[in-house]
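Straight run, no breaks: the sequence shown in the numbering used here ends on number 588. Cβ coordinates follow ideal geometry from the N, Cα and C atoms, glycine included.
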Amino acid sequence: MPTQVRIFAMPKSLGETLASTTSTVTTSSTPTSPPRKLELTNGNTQGLKSPPNMSVGMAIPEESKEGSITFGSQDELPKLPIPDLSSSCRKYLAALRPLQGPREHAETKLAVEEFLKSDGPDLQERLQKYALGKSSFIEQFWYDSYLNFDNPVVLNLNPFFLLEDDPTPERNNQVTRAASLVVSALEFVRAVRREELPPDKVRGKPLCMYQYSRLFGTARVPTNHGCQIEQDPDSKHVVVLCRGQFYWFDVLDDNSDLIMSERDLAINLQTIVDDAVQTPIQEAAKGALGILSTENRKIWSGLREVLTREEHSNNADCLGIVDSALFVLCLDYTEPATAAELCQNMLCGTNEVVKGVQIGTCINRWYDKLQIIVCKNGSAGINFEHTGVDGHTVLRFASDLYTDTILRFARTINGQAPSLWKTTSPDPSKRDPESFGDVNTTPHKLEWDMIPELNVAVRFAETRLADLIGQNEFECLDFSGYGKNFITSMGFSPDAFVQMAFQAAYYGLYGRVECTYEPAMTKSYLHGRTEAIRSVTDDSVHFVQTFWADNPAETKVEALQKACEQHVNSTRLCAKAQSQAAMDTQVL
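As structure tokens, then:
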């Protein structure tokens, strides 16, 4: 029976969102913009079918399993509180005071007072009514702010993490490293699905784990009315991009157990690399449809309509395979030599035009999904679609990914080495292949039908992305003068210290302060995301002015201490959704 594919977080206008009083999952046999999850039944795209039943709406997660480790504490988490409107407005004004001149601030105060007398109370009441029955009053608004964004997600929305190299030098080649990372990623997927992933905690208190259920098998899909997030919660395959060409194969069975060993995966990946290199990169680049995911969302929406114009066509089926994959593995042919080059490669790829054709790694991406990127020299990173997950969630994934690769290698030397997981998949090499079920472990290439419209679109998208990359410079500061231990030994918070350093550096260059934003995690609340720490305060302005004036060192340190203390207090309040930035969330 085909799996159901969820569509959740469809963008809405403010009025539509506030008018909604329920948050339920509905089922429709004829949904608007149906998801294109494909039932993988054979080694090619012929005969693949879209599932007849799809869930549409906000996609409330199923109840956690009995004995769940991962989601067992969800029911105990409080909901994100709706701040008192008057208090939020006072804190809002306090956050604006160091950024405005006296006249501008006086005008803002009058506007806030008028808001409190007129629209404010009514909107607050409507927000409180809207929040009834919701897991989080901010969640849909949060999705709307991301999904209604029309600019390219590359360089604007998608963040990245850079992984440390494997400490074993001989394992730092592309195929070996990629296979190892994929196995660890799949064990992570298994732990989430079996609800065996230990919950994140702060000072012993569990945090919301909801975002982990949105990390895999999801895709950001553009439509004529904004983007939406689609998910195949039972996805079993991965997509591999190599030199702009697409391949896929199954990696999990119906129980989310691995059906391929690390050695099997390495053979598959080497087969893909060997096949991809047969096509000259200049030719492959002409059909590198991943570049279309870097376009403006409305343009990309129109191009997806071209791809899916005929239901069950080859292009529609190929697109469905990509959308429904657990994640995308990008195998790059480059070997970045510096930290700055590595960061650029993980953020947006390289820009290299040869004989009028874009052949940089920027064509070897699919930005609407979670991507694991591995370079020819084994350097690796993660680029992720940001709508449904925050950095803290993906950082846990990246950390566990790297740690598990090390521990797994250690167990090949010492079988008693520890494991991250409560249980692990049975050794695929010792299982009866019949137990894997209806799967395809042989890599298959997706052969897109490159009609004239797509050829032109690829060329224009490559040009626009090259221009976009060219507008940016990439540098990585690896500061070795001192670090966290020294800062804490001097009685400062490392985060606050660095934030003040940013402000001091900017003020020293331009003689002014700018509105500065730093996210604070609010996952101590159900479906919590982040709150905005407004780092510029009266105390931080006093510090930067004191720092650059002719003052004794003791005076500068005293001003720094006071500014850092204020930042730490702001951070703590943000984590409790009680800061001066609560207004950001309240009126988002």
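Ends of the alpha helix (DSSP H) at residue i?
i, result
"Ala-466", "452 to 470"
"Glu-187", "174 to 193"
"Phe-543", "538 to 548"
"Ala-504", "494 to 510"
"Val-273", "262 to 276"
"Ala-559", "553 to 575"
"Leu-307", "297 to 307"
"Ile-406", "391 to 413"
"Leu-85", "85 to 96"
"Leu-147", "139 to 147"
"Ala-417", "Per DSSP, Ala-417 belongs to no alpha helix (DSSP H) and is neither H nor E."
"Val-322", "314 to 323"
"Ile-487", "484 to 489"
"Cys-348", "Note, Cys-348: premise wrong, no alpha helix (DSSP H); not H, not E."
"Ala-284", "281 to 286"
Taking the Cβ atom as the reference point for each residue, do residue i and residue j lie within a distance shorter than 8 Å?
i, j, result
"Arg-334", "Lys-376", "A small fix is needed here, since residue 334 is Thr in this sequence, not Arg. Yes; because the gap between Cβ atoms is below 8 Å, this pair is in contact."
"Gln-241", "Val-328", "Note on residue identity: the sequence assigns Leu, not Gln, to residue 241. Cβ distance < 8 Å, so Leu-241 and Val-328 count as in contact."
"Ile-382", "Ile-372", "yes"
"Leu-420", "Leu-407", "yes"
"Ser-379", "Leu-342", "yes"
"Cys-564", "Phe-497", "yes"
"Tyr-212", "Val-183", "no"
"Val-306", "Leu-454", "yes"
"Tyr-590", "Val-154", "For the chain, the structure presents residues 1 to 588; residue 590 sits outside this window and is missing."
"Leu-163", "Ala-398", "yes"
"Val-202", "Gln-282", "no"
"Leu-252", "Leu-186", "yes"
"Asp-250", "Thr-441", "yes"
"Lys-556", "Thr-546", "yes"
"Met-490", "Ala-575", "no"
"Glu-171", "Val-374", "A quick correction: the sequence has Arg, not Glu, at residue 171. Contact: no."
"Arg-304", "Val-277", "no"
"Leu-85", "Ile-138", "no"
"Thr-516", "Val-536", "yes"
"Val-531", "Ala-577", "Strictly speaking, residue 531 in this sequence is Glu, with Val absent from that position. It is a contact, given that the beta carbons lie within the stated cut-off."
Name the two residues that bound the continuous beta strand (DSSP E) containing residue i.
i, result
"Pro-519", "517 to 521"
"Gln-228", "226 to 231"
"Asn-383", "380 to 383"
"Val-112", "Premise fails: Val-112 lies in the alpha helix (DSSP H), 102 to 117, not in any beta strand (DSSP E)."
"Thr-530", "530 to 534"
"Leu-220", "Note on identity: in this sequence residue 220 is Arg, with Leu being the wrong assignment. Arg-220 -> beta strand (DSSP E) spans 218 to 223."
Going by DSSP, name the residue or residues bridged to residue i.
i, result
"Trp-248", "Val-239 and His-444"
"Pro-167", "Bridge partners of Pro-167: none, in fact."
"Cys-330", "Leu-241 and Ile-373"
"Pro-206", "Lys-201"
"Gln-358", "Val-353"
"Leu-258", "Leu-252"
"Pro-162", "What sits at residue 162 in the sequence shown is Leu, not Pro. Paired residues: Gly-381."
Just to check my reading of the structure: residue i and residue j have Cβ atoms closer than 8 Å, yes? What is that Cβ distance to the nearest angstrom?
i, j, result
"Leu-269", "Leu-331", "7 Å"
"Phe-246", "Val-239", "6 Å"
"Thr-70", "Glu-195", "4 Å"
"Ala-340", "Ala-266", "Ala-340 to Ala-266, Cβ: 30 Å. No contact."
"Ser-425", "Arg-190", "6 Å"
"Pro-98", "Val-513", "7 Å"
"Trp-248", "His-542", "Actually they do not touch by this definition, with Cβ atoms about 58 Å apart."
"Leu-347", "Phe-160", "5 Å"
"Gln-128", "Ile-82", "6 Å"
Less than 7 Å separating the Cβ of residue i from some heavy atom of the ligand ATP?
i, result
"Phe-497", "Absent from the structure shown: the ligand ATP. Ligands present: none."
Inset, instruction - Answer yes if the segment 205 to 213 comes into contact with the segment 71 to 80, meaning at least three C-beta pairs across the two stretches below 8 Å, and no otherwise. - result: yes
Legend entry - Sufficient close CB pairs (3 or more, under 8 Å) joining the segment 111 to 123 to the segment 86 to 95: yes
Inset, instruction - Report yes or no: do three or more beta-carbon pairs, one from the segment 505 to 513 and one from the segment 472 to 484, lie closer than 8 Å? - result: no
Inset, instruction - For the segment 418 to 434 and the segment 309 to 319, state whether three or more C-beta atom pairs, one from each stretch, are separated by less than 8 Å. - result: no
Legend entry - Touching by the beta-carbon criterion (3+ pairs, under 8 Å), the segment 461 to 468 and the segment 526 to 537: no
Legend entry - the segment 383 to 395 in contact with the segment 218 to 232 per 3-pair CB rule at 8 Å: yes
Legend entry - Contact between the segment 141 to 158 and the segment 292 to 299 (3+ Cβ pairs under 8 Å): yes
Inset, instruction - Decide if the segment 280 to 292 is in contact with the segment 353 to 360; the criterion is three or more beta carbon pairs, one per stretch, under 8 Å apart. - result: yes
Inset, instruction - Specify whether the segment 122 to 129 and the segment 342 to 353 touch according to this definition: at least 3 beta carbon pairs, one from each stretch, less than 8 Å apart. - result: no
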